[in-house]
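Take any residue in the sequence shown, note its place counting from 1, add 75, and you have its number in this note's numbering.
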Amino acid sequence: MPPVIMSVCTSENKGERKTPVIAVELRENHGIIGDAHAGDWHRQVSLLATESIAKMRALGLDVDSGDFAENITTSGIDLVALPIGTLLKLGEAVVEVTQIGKECHTRCAIYYQAGDCVMPKEGIFARVLRGGKIVPGASIHRLEGIDEP
Numbered sequence: 076m077p078p079v080i081m082s083v084c085t086s087e088n089k090g091e092r093k094t095p096v097i098a099v100e101l102r103e104n105h106g107i108i109g110d111a112h113a114g115d116w117h118r119q120v121s122l123l124a125t126e127s128i129a130k131m132r133a134l135g136l137d138v139d140s141g142d143f144a145e146n147i148t149t150s151g152i153d154l155v156a157l158p159i160g161t162l163l164k165l166g167e168a169v170v171e172v173t174q175i176g177k178e179c180h181t182r183c184a185i186y187y188q189a190g191d192c193v194m195p196k197e198g199i200f201a202r203v204l205r206g207g208k209i210v211p212g213a214s215i216h217r218l219e220g221i222d223e224p
């Protein structure tokens with residue numbers, strides 16, 4: 076199966092689970108319009124693979140897209156293997172991978188439920204180079220340059 080977007084999620088506040096929505100609009104150099112994590116920084120958009128969420132389900136957790144505060148849930152692409160600087164076309168938008176994983180300064184609810192959390196190790200972050208709409212089911216393409224279609 077080719078890489079695909081499984082879910083798009085937003086939240087009004089930082090530090091909370093995100094809610095799946097039918098579509099999101101990415102704005103260049105900003106992130107997802109209306110999402111708490113958007114802004115002028117390197118972690119405008121977060122991505123996590125459904126394969127990572129499945130690992131947490133295997134530990135007995137009832138978790139789904141958005142529960143790890145990720146904006147975009149993917150399938151069929153090894154996110155953590157992507158080098159920093161990788162360009163991805165997500166639906167109409169183009170993002171650049173800026174960070175793999177993150178340091179968790181405080182333990183989230185998922186960590187306390189499972190004794191572990193996948194987002195710090197398997198989530199990735201990106202900044203928006205070209206805005207556009209993203210919906211579940213949209214394809215994911217790795218680009219060599221931003222001028223590609």
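Glycine residues also receive a C-beta, built at the ideal position from the N, C-alpha and C atoms.
- Within the region 78–132, the complete beta strand (DSSP E) segments of 3 residues or longer fall at 79–85, 94–96, 99–102, 120–124, listed in chain order.
- Setting aside the 5 residues that flank it on each side, residue 127 is surrounded in the same chain by 193, 197, each with a C-beta closer than 6 Å to its C-beta; the list follows chain order.
- Ranked by Cα distance from residue 168, the options 160, 204, 76, 147 are led by 204.
- The continuous stretches of beta strand (DSSP E) do not include residue 161, and DSSP gives it neither H nor E.
- Here the region 143–159 makes contact with the region 106–121; the two share three or more CB pairs at distances below 8 Å.
- Two segments are said to touch when three or more pairs of C-beta atoms, one from each, lie closer than 8 Å; by this definition the region 152–165 does not touch the region 131–138.
- Distance between residue 89 and residue 81, taken at the CA atoms: about 22 Å.
- Residue range 199–205 is occupied by the beta strand (DSSP E) that includes residue 200.
- Annotation for residue 153: no residue places its beta carbon closer than 6 Å to its own, counting only its chain and skipping 5 residues before and after.
- Counting every other CB atom within 10 Å of its CB across the protein chains shown gives residue 217 a total below 16, marking it as exposed.
- Taking all protein chains shown into account, residue 98 has fewer than 16 neighbouring C-beta atoms within 10 Å of its C-beta and is therefore exposed.
- Taking the C-beta atoms as reference points, residue 141 is found nearer than 8 Å to residue 84.
- When the alpha-carbon of residue 200 is set against those of 214, 79, 155, 103, the nearest one is in 155.
- Closest by C-alpha distance to residue 202, out of 92, 86, 122, 214, is 122.
- Annotated three-state conformation of residue 134 is coil, per DSSP.
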